[in-house]
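In what follows, a single structure is set out as structure tokens and then discussed.
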Amino acid sequence: MIVPPAIAYVADITTIEERAKGNSLLSAAMSFGFVIGPGFGGILAEYGTRVPLYAATGAAIAGVVFSIVCFPESLSKEQMKAARTKTPQKESFLKQYAKSLKSKYAMLFVLVLVMTFGPANFESVLGLYVTNRFQFSPQNIAMILTTGAVIGVGMQVLIVAKVIKMFGEKR
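Under our numbering, think of the first position of the sequence shown as 640, with each following residue one higher.
Laid out in structure tokens, this is it:
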């Protein structure tokens with residue numbers, strides 16, 4: 640629920656030339672969250688399995704408050720006024736969704752579904768699997784997830800920008 644507004648904010652505050660780099664940095668920041676999240680979760684799990692949940696809830700609330708207080712509006716007053724004066728969409732959400740699945744972007748929707756479904760299930764099932772099969776502790780699971788996330792951050796920060804520069808955004 641937070642990713643689309645974050646991507647939109649990056650699009651609003653970056654030039655077209657800098658947009659891919661901005662989105663890459665956003666992705667790296669999210670990956671960094673996956674680095675520190677499991678690490679802290681593994682440490683906090685020593686005090687009870689619910690403690691990481693409470694800490695994550697507190698961090699999420701702090702993030703909401705921080706973004707409300709610290710992030711300026713990305714659109715100018717003129718842009719906001721122009722957006723309000725446009726006629727609202729008359730089609731329902733379901734009709735818009737059905738139309739988008741028939742468009743040339745339908746394959747992108749399927750691709751995003753597949754790309755999100757796999758990692759989400761991996762992260763959900765990994766802990767159960769390695770605990771049952773190998774008797775891993777929460778700290779062991781945290782180390783596995785943290786290591787994977789560190790590699791993801793490294794890829795985003797060091798490689799993605801260079802690949803985009805080499806091949807361009809369209810390829």
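C-beta: ideal position from N, C-alpha, C; glycine also.
Under the 8 Å Cβ criterion, the segment 783-792 does not count as touching the segment 684-692, having fewer than three qualifying pairs.
Scanning its chain for C-beta atoms nearer than 6 Å, with the 5 sequence neighbours on each side dropped, one finds around N662 the residues V649, in chain order. Excluding the 5 residues flanking it on each side, V674 has same chain C-beta neighbours closer than 7 Å at T785, A788, V789, V792, in chain order. Within the segment 706-764, the complete alpha helix (DSSP H) segments of 4 residues or longer fall at 716-724, 732-740, listed in chain order. For N779, the closest alpha carbon among the candidates L740, G678, A668, I652 is that of G678. For the pair of segments examined, the segment 697-716 was found not to touch the segment 796-809: the number of CB pairs separated by less than 8 Å stays below three.
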